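Trainee: Take this structure, written in structure tokens, and hold onto it; I'll ask about it next.
Numbering (the numbering used here), first residue to last: 1287 to 1455.
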């Protein structure tokens, strides 16, 4: 039997736009904490050194939180082949989840306003996999084209393996 080898189709990462509101919230909290620290240090008649050290500590914490969110998105990689979807996550320790395409049962494309403006969206795959019944590819550029690619390859995998979906009610 002449079966074609698995071939890569697409590889990408999420956009950092998915964390826009988190970054806005972190920034608002940082500004509020600096303002509160300014008021408290003036009321306590703290010296300039204490004020500078306190603001530097707040800035260090703020940058740490923002950098953490950036790293999580940066090190999440989606790889689509003709037979599988691989999702690799983790910065120091890596974890790769593999989803066989023939297990995908349904597709959903979500495009909130901010994502639509930037030609992005979330692709939600409902699967028959026990460990990951729902897989979400977050903030993907040009999601409609990728969704079509996934759909075509899901159907091809089902035909190739002779898999049929049966719904029980």
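All C-beta atoms in this analysis are idealised placements derived from N, C-alpha and C, irrespective of residue type, glycine included.
From a predicted model like this one, the values you see are computed outputs, not experimental measurements.
Under the three-state reduction of DSSP, which class applies to residue 1387: helix, strand or coil?
Mentor: In the structure shown, residue 1387 sits in a helix (DSSP, three-state: H, G or I).
Trainee: Assuming residue 1443 and residue 1383 form a contact by the criterion Cβ under 8 angstroms, report the distance between their Cβ atoms to the nearest whole angstrom.
Mentor: The Cβ separation is near 17 angstroms, so there is no contact.
Trainee: Please classify residue 1429 as buried or exposed, where buried requires at least 16 neighbouring CB atoms within 10 angstroms.
Mentor: Looking at its Cβ environment, which holds 16 or more other Cβ atoms inside 10 Å, residue 1429 is buried.
Trainee: Candidates 1359, 1299, 1338, 1333: which alpha carbon is nearest residue 1309's?
Mentor: Ranking 1359, 1299, 1338, 1333 by Cα distance to residue 1309 puts 1359 first.
Trainee: Give the single residue among 1416, 1410, 1419 whose Cα lies nearest to the Cα of residue 1437.
Mentor: Cα-wise, what sits closest to residue 1437 is 1410.
Trainee: Rounded to the nearest angstrom, what separates residue 1440 and residue 1421 at their Cα positions?
Mentor: So the alpha carbons of these two residues sit roughly 14 angstroms apart.
Trainee: Considering only C-alpha positions, which residue in the set 1388, 1333, 1306, 1377 is nearest to residue 1371?
Mentor: Selected option, being the one with the closest Cα: 1388.
Trainee: From residue 1303 to residue 1399, what distance separates their C-alpha atoms?
Mentor: Going from the Cα of residue 1303 to the Cα of residue 1399 covers about 12 angstroms.
Trainee: What three-state label does DSSP hand residue 1312 in the structure shown?
Mentor: Looking at residue 1312 - three-state DSSP - the assignment turns out to be helix.
Trainee: Taking Cβ to Cβ, would you say residue 1340 is nearer than 8 angstroms to residue 1351?
Mentor: Not a contact, by the Cβ cut-off of 8 angstroms.
Trainee: Measure the alpha-carbon distance for residue 1375 versus residue 1301 and round it to whole angstroms.
Mentor: Their Cα atoms are separated by approximately 14 angstroms.
Trainee: Rank 1446, 1448, 1432, 1450 by C-alpha distance to the C-alpha of residue 1260 and give the top, closest one.
Mentor: Look at the range of the chain in this structure, 1287 to 1455, and you will see that residue 1260 is not part of it.
Trainee: Output the distance between the C-alpha atoms of residue 1296 and residue 1367, rounded to the nearest integer angstrom.
Mentor: Between residue 1296 and residue 1367, the C-alpha separation is close to 7 angstroms.
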